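Taken in sequence, the protein lines are chains A and B.
In terms of this note's numbering, the first sequence opens at residue 1 and continues consecutively.
In terms of this note's numbering, the second sequence opens at residue 1001 and continues consecutively.
The beta carbon of each residue, even a glycine, is placed where N, CA and C say it ideally should be.
Quantities reported herein were computed from a predicted structural model and do not represent experimental measurements.
Below: the structure, in structure tokens.
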Amino acid sequence: MTDQDTKLPSGRTRIENLEMRGITKRFPGVLASDHVDFDVKSGEVHALLGENGAGKSTLMKILYGLYKPDEGEVFLNGKPVAIASPTDSIDLGIGMIHQHFMLVPTLTVAENVALGLPSSRGFMTDLDVVSKRILELAKIYGLKIDPDAYVWQLSVGQQQRVEIIKALYRGAALLILDEPTAVLTPQEVDELFVIMRQMTKDGHGLIFISHKLHEVVEISHRVTVLRDGRKIGTRPTSEITKQDLANWMVGREVGLTPDRGTVQRGEARLELKDVSCDSDRGTPGLRGVNLEVHSGEILGIAGVSGNGQRELAETIVGLRKTTNGRIILEGGDVAGLSPAELTNRMLSYIPEERMRDGVIREFTVAENLILREHEKAPYSRSGFLDLGEISRHADELIKRFQVKTPSSETLAKNLSGGNIQKIVLAREISRAPRVIIAAQPTRGLDIGATEYVREQLLEQRRLGVAIMLISEDLDEILALSDRIAVLYEGQVMDIVPRAQATPEKLGLLMAGIRSEESLSVVK
Amino acid sequence: MDPIVILSAGVATGTVLFFAALGEVFAERSGVLNLGVEGMMLIGAMSAFSVANSLGNPWLGIVVAMIAAGLISQIHAYIVITLQADQVVSGLALTFVGTGISLVLGEGLSKAGTVAQIPALSVPLLSQIPFLGPIFFTNQSVLVYLGYLIAPLAWYYINRTRPGLHLRAVGEYPSAADALGINVFALRYWYVFVGGMLAGLGGATLSLAVSPGWFSELTTNGQGWIAVGLVIFAQWDPIRAALGSYAFGALRRMILDIQGPLTLFGFDNPFYYNSYLGFFLQMIPYAFTVIVLVIGSREAIRKRLGSPAALGVPYIRGERGK
Chain A
1 MTDQDTKLPS GRTRIENLEM RGITKRFPGV LASDHVDFDV KSGEVHALLG
51 ENGAGKSTLM KILYGLYKPD EGEVFLNGKP VAIASPTDSI DLGIGMIHQH
101 FMLVPTLTVA ENVALGLPSS RGFMTDLDVV SKRILELAKI YGLKIDPDAY
151 VWQLSVGQQQ RVEIIKALYR GAALLILDEP TAVLTPQEVD ELFVIMRQMT
201 KDGHGLIFIS HKLHEVVEIS HRVTVLRDGR KIGTRPTSEI TKQDLANWMV
251 GREVGLTPDR GTVQRGEARL ELKDVSCDSD RGTPGLRGVN LEVHSGEILG
301 IAGVSGNGQR ELAETIVGLR KTTNGRIILE GGDVAGLSPA ELTNRMLSYI
351 PEERMRDGVI REFTVAENLI LREHEKAPYS RSGFLDLGEI SRHADELIKR
401 FQVKTPSSET LAKNLSGGNI QKIVLAREIS RAPRVIIAAQ PTRGLDIGAT
451 EYVREQLLEQ RRLGVAIMLI SEDLDEILAL SDRIAVLYEG QVMDIVPRAQ
501 ATPEKLGLLM AGIRSEESLS VVK
Chain B
1001 MDPIVILSAG VATGTVLFFA ALGEVFAERS GVLNLGVEGM MLIGAMSAFS
1051 VANSLGNPWL GIVVAMIAAG LISQIHAYIV ITLQADQVVS GLALTFVGTG
1101 ISLVLGEGLS KAGTVAQIPA LSVPLLSQIP FLGPIFFTNQ SVLVYLGYLI
1151 APLAWYYINR TRPGLHLRAV GEYPSAADAL GINVFALRYW YVFVGGMLAG
1201 LGGATLSLAV SPGWFSELTT NGQGWIAVGL VIFAQWDPIR AALGSYAFGA
1251 LRRMILDIQG PLTLFGFDNP FYYNSYLGFF LQMIPYAFTV IVLVIGSREA
1301 IRKRLGSPAA LGVPYIRGER GK
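If you want it as structure tokens, here you go:
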């Protein structure tokens, strides 16, 4: 082979083949990785697919030197290597793009790249040298980047590019991308895929971690599925369907697209008229939002994280003060009412931070299930709790909502995320609400629990409840919503009926670009 | 009520505040709030005076003061960095510990009389500059000149050097620094130590130069709290910390001096030996403390002022990016 064949454009030698053999990692009470084999070659995207807790992250953290495996070995180009820390893996040419970016917002791009590296000037920084090399790399790999920009000024997609540059700067020949698309708009995902294709063409090996099946099918050459710490199999992507992958991940037949059915849309139950509020920082959080949610419909709220979704939910449920506008719940203005008063008007809320706002961690399952109604009969009589009734109520809901818990007296904090969400759902749905605000209801849940939550929301829609679904997962918005409103910087960019909504169209709106054909506001 | 006297004295007493505040700037820039400054200053003041008293060498006293205060700061470091406890509570406790230890070990020192002090001197030429010369360069302690030197150096260190870059990264987003192989824990220990040393230097400056002697807890009399407050008003910047310290030092001196003259600008002086103003002076450190705690507990205000994002948050490895 000539030098040209073995070198990457960055000047670094390729990693022709990296192999992990028999990797086993035990945590107290869990076998996080059970004799897993995994390999990636130069010039390919190898997708690693699995549910939460399947062992994807554990495997990659072992490869990146963050965890030490109990058993198993890593071979690089056929030779065994020891990886004890991230420094070792970086030296071997392995880079990792973390799901949560590892960038310091108050530093510039160049400063972030230079962090932790020796400087050519010793004690002093050599940011001009770093900037020059960043621009070189950016040119080679076709990444647009300004080394002097502060990271907080950059969009999420740009920040990801900084992360990639950071890895390339450190000589990464093999990149681990941990759920890189989770925070991107569809357009940014496309851009990322262009970069990824270019990198594989140049001879980099990429490991792509995801639980989004269509992305895996689109970008990867091979796919490995993990479940419960075990490897289910590795296949060339061209030989496998999405449905197969989903069944592999979950271990049973799953429905990928929930059956929405048709429901007659009824009267407007929740109306927001010109609603504004402040964010935590005192800057405008919502700016003149107008929305209506009707009986028997799901209004999807799409948008990139941090564009007012949290403020929207909290304003409606009474946790955040409005600075302007009216919120009308079934004909009455409820802006300024307390959460308790809104509860009495049968407004239900599935909060984004389920561990913080959804349950009280130190309370039992039974207690958490009556949080909304604990002051009322039959749970409370003349100020005394009726423990028997509370327990009976809990047992009924545990059964109906298939909550996996040892008993109704188990503390909420001991349950898994999926089961905690079932508790929240059970409490919020079982009281026959008129309106439901569901914020990121399936975030962090596995496919099975996600499927369940979505079915429950659709069931409520069939019963005529007005549902506002706030989600950063565009696939979820498209799968469930009747109409889709896009939030951008606290404003509603547009409201699109589902039939006319495409990921591309929504993606543009999420990036703050109003295309001409979507200008017509649909009521 | 001579403005030159007030400003000149302000620079001298402000140097004490500046050293302590600068130490706190370093600790907080690394993400650790240390409310134990008052205690560490007392340790410094006591040990400096004690060494100068028994060995007759004030310079050695300074060195010992810095080491002693640096070591006592490591109690706080261990509690909040390794054990990840609440930084406010631990810092308050450190003040009590430092005060207590210095009172016990300093017992009898107040009767020691005069000891060798850090010399004061005037700078040739510079002291001839009108107005500024008499304030900054005439008959000031060597330690005051040291302060002029340290302020720009500290600024340069934080903003323009590689270790300074690491310091900022650790205080803003420790998990990012950790992922790049920077030892977050070691750096935080180190900067808490630096903070302790500088607080000790501040204390030594008091007992060996600015107001020589050991007067138990009245030696510092709440100046450690003022230093902590100044850090916020300086927005974690060494130069601003220096200017703020000098201004505050001058204010303290003015409150004293204003009680002297019978008339003020041709009117009867309402402050003439007015004991309420004395109380006002004594109140200031505690008012500062209240403000510090209020601001420190309001995340939104802190962010607007440009506080290090990870200030007060223990770094726990494994919970990356949370």
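- Item | Three or more C-beta pairs below 8 Å linking the stretch 402-421 of chain A and the stretch 359-368 of chain A | yes
- Are residue 461(A) and residue 271(A) close, meaning C-beta to C-beta below 8 Å? Working through the first sequence from its first residue, we reach residue 461(A) at position 461. Working through the first sequence from its first residue, we reach residue 271(A) at position 271. Going by C-beta atoms, residue 461(A) is not nearer than 8 Å to residue 271(A).
- Message: 8 Å is my cut-off, CB to CB: does residue 305(A) come that close to chain B?
- Response: Within the first sequence, the letter at position 305 stands for residue 305(A). Not closer than 8 Å to any Cβ of chain B, the Cβ of residue 305(A) fails to qualify, so no.
- Query: Does the separation of the CB atoms of residue 1047(B) and residue 1025(B) fall below 8 Å?
  - Reply: Taking the second sequence and counting its residues from 1, one reaches residue 1047(B) at position 47. Taking the second sequence and counting its residues from 1, one reaches residue 1025(B) at position 25. In this structure, residue 1025(B) does not lie closer than 8 Å to residue 1047(B) by Cβ.
- Query: Shorter than 8 Å from the beta carbon of residue 131(A) to some beta carbon of chain B?
  - Reply: The residue given as residue 131(A) occupies position 131 in the first sequence. No, residue 131(A) lies away from the interface with chain B (no Cβ there is under 8 Å from its Cβ).
- Task: Assign residue 1144(B) to one of two classes, buried (16 or more other C-beta atoms within 10 Å of its C-beta) or exposed (fewer than that).
- Result: By one-based count along the second sequence, residue 1144(B) stands at place 144. Buried, by the Cβ-count rule.
- Query: Do you know how far the Cα of residue 430(A) is from the Cα of residue 293(A)?
  - Reply: As a first step, residue 293(A) is located in the first sequence; it is residue number 293 there, counting from the start. As a first step, residue 430(A) is located in the first sequence; it is residue number 430 there, counting from the start. If you take the alpha carbons of residue 293(A) and residue 430(A), they lie about 20 Å apart.
- So is residue 518(A) in contact with chain B if we call contact Cβ pairs under 8 Å? Taking the first residue of the first sequence as position 1, residue 518(A) is located at position 518. A caution first: residue 518(A) carries a pLDDT of 46, below 50, which makes its placement in the model too unreliable to give a value.
- Checking contacts by CB at 8 Å: is residue 1179(B) closer than that to chain A? Here the question's residue 1179(B) lines up with position 179 in the second sequence. Taking Cβ atoms only, chain A reaches closer than 8 Å to residue 1179(B), which makes this a yes.
- Item | Residue from 1278(B), 1014(B), 1155(B) and 1023(B) with nearest C-alpha to residue 1198(B) | In the second sequence, residue 1198(B) corresponds to position 198, counting from 1. Cα-wise, what sits closest to residue 1198(B) is 1023(B).
- In chain order, what residues of the same chain lie with their CB nearer than 7 Å to the CB of residue 12(A), ignoring the 5 residues before and after it? On the first sequence, position 12 is the one that residue 12(A) refers to. Excluding sequence neighbours, residue 12(A) sits near 93, 171 and 173.
- Task: Look up residue 493(A) in the DSSP assignment and say whether it is helix, strand or coil.
- Result: Mapped onto the first sequence, residue 493(A) falls at position 493. It is a strand residue.
- Message: Counting only Cβ pairs nearer than 8 Å, list the residues of chain A close to residue 1182(B).
- Response: Here residue 1182(B) is taken as the residue at index 182 of the second sequence, counted from 1. Within 8 Å Cβ-Cβ: 115 and 116.
- Message: When you compare the CB positions of residue 1236(B) and residue 1028(B), do they come within less than 8 Å of one another, or not?
- Response: Sequence index remark: in the second sequence, residue 1236(B) carries index 236 (1-based). Sequence index remark: in the second sequence, residue 1028(B) carries index 28 (1-based). Yes, these two residues count as a Cβ contact at 8 Å.
- Query: Would you say the stretch 309-328 of chain A touches the stretch 348-358 of chain A, given that touching needs at least three Cβ pairs under 8 Å?
  - Reply: yes
- Nearest to residue 1240(B) by CA position, among 1130(B), 1031(B), 1010(B) and 1021(B), is which residue? Within the second sequence, the letter at position 240 stands for residue 1240(B). When only C-alpha atoms are compared, the closest one is 1021(B).
- Query: Closer than 8 Å, CB to CB, is residue 1111(B) near chain A or not?
  - Reply: Against the second sequence, residue 1111(B) aligns to sequence position 111. Cβ-Cβ to chain A under 8 Å: no for residue 1111(B).
- Task: Check the Cβ-Cβ distances between residue 1167(B) and every residue of chain A, and say whether any is below 8 Å.
- Result: Taking the second sequence and counting its residues from 1, one reaches residue 1167(B) at position 167. No, its Cβ sits nowhere closer than 8 Å to a Cβ of chain A.
- Return the residues of the stretch 1131-1163 of chain B that lie within a Cβ-Cβ distance of less than 8 Å from chain A, sorted by chain order. 1160, 1161, 1162 and 1163
- Query: With burial defined as no fewer than 16 other Cβ atoms inside 10 Å of the residue's Cβ, what is the status of residue 401(A): buried or exposed?
  - Reply: On the first sequence, position 401 is the one that residue 401(A) refers to. Buried, since its Cβ has 16 or more Cβ neighbours within 10 Å.
- Message: Would you say residue 1321(B) lies against chain A (beta-carbon separation less than 8 Å)?
- Response: Within the second sequence, the letter at position 321 stands for residue 1321(B). Unreliable positioning characterises residue 1321(B) in this predicted model, as indicated by a pLDDT of 31, which lies under 50. The coordinate reading is nonetheless provided below. Yes, residue 1321(B) lies at the interface with chain A (some Cβ there is under 8 Å from its Cβ).
- Item | Contact set between residue 1173(B) and chain A, taken where Cβ atoms lie within less than 8 Å | What you label residue 1173(B) is simply residue 173 of the second sequence in a count that begins at 1. Near residue 1173(B) (Cβ distances below 8 Å), the residues of chain A are 102, 103, 104 and 105.
- Considering only residues of the same chain and omitting the five flanking positions on each side of residue 1115(B), which have a CB-CB separation below 6 Å? In the second sequence, counting from the first residue as 1, residue 1115(B) sits at position 115. Closer than 6 Å at the Cβ level, and outside the excluded window around residue 1115(B), lie 1052 and 1053.
- Query: Looking at residue 39(A) and residue 539(A), is the spacing between their C-beta atoms short of 8 Å?
  - Reply: Beyond the ends of chain A as shown, which are 1 and 523, falls residue 539(A); an answer cannot be given.
- Would you verify that the beta carbon of residue 1176(B) is, or is not, closer than 8 Å to some beta carbon of chain A? Along the second sequence, read from residue 1 onward, the residue named residue 1176(B) stands at position 176. For residue 1176(B), the answer is yes, since a Cβ of chain A falls inside 8 Å of its Cβ.
- Query: Which residue's Cα is closest to the Cα of residue 1033(B): 1135(B), 1011(B) and 1307(B)?
  - Reply: Numbered from 1 along the second sequence, position 33 holds the residue referred to as residue 1033(B). Of 1135(B), 1011(B) and 1307(B), the residue nearest in Cα terms is 1307(B).
- Task: Could you check if residue 243(A) is buried or exposed, using at least 16 other CB atoms within 10 Å of its CB as the buried criterion?
- Result: Counting from one through the first sequence, the residue named residue 243(A) turns up at place 243. Under this definition residue 243(A) is an exposed residue.
- Task: Compare the C-beta of residue 393(A) with all C-beta atoms of chain B and state if any pair is closer than 8 Å.
- Result: As a position in the first sequence, residue 393(A) is number 393, starting the count at 1. No, residue 393(A) lies away from the interface with chain B (no Cβ there is under 8 Å from its Cβ).
- Item | Where residue 1269(B) sits in the DSSP three-state scheme | Stepping through the second sequence from its first residue, residue 1269(B) is reached at position 269. The answer is coil: DSSP assigns residue 1269(B) none of H, G, I, E or B.
- Query: Are the stretch 143-160 of chain A and the stretch 1183-1201 of chain B in contact at 8 Å, needing three or more beta carbon pairs?
  - Reply: no
- Could you tell me whether the Cβ atoms of residue 1030(B) and residue 1171(B) are closer together than 8 Å? Working through the second sequence from its first residue, we reach residue 1030(B) at position 30. Working through the second sequence from its first residue, we reach residue 1171(B) at position 171. Contact: yes.
- Item | Which of helix, strand or coil DSSP assigns to residue 143(A) | As a first step, residue 143(A) is located in the first sequence; it is residue number 143 there, counting from the start. Note: residue 143(A) maps to coil in three-state DSSP.
- May I ask you to verify whether the stretch 323-338 of chain A touches the stretch 362-382 of chain A, counting CB pairs closer than 8 Å and requiring at least 3? no
- Taking only runs that begin and end inside the stretch 358-434 of chain A, name each unbroken alpha helix (DSSP H) of 4 or more residues, in chain order. 365-369, 387-400 and 417-429
- Query: Is the stretch 53-63 of chain A touching the stretch 122-137 of chain A in the sense that three or more CB pairs, one from each, lie closer than 8 Å?
  - Reply: no
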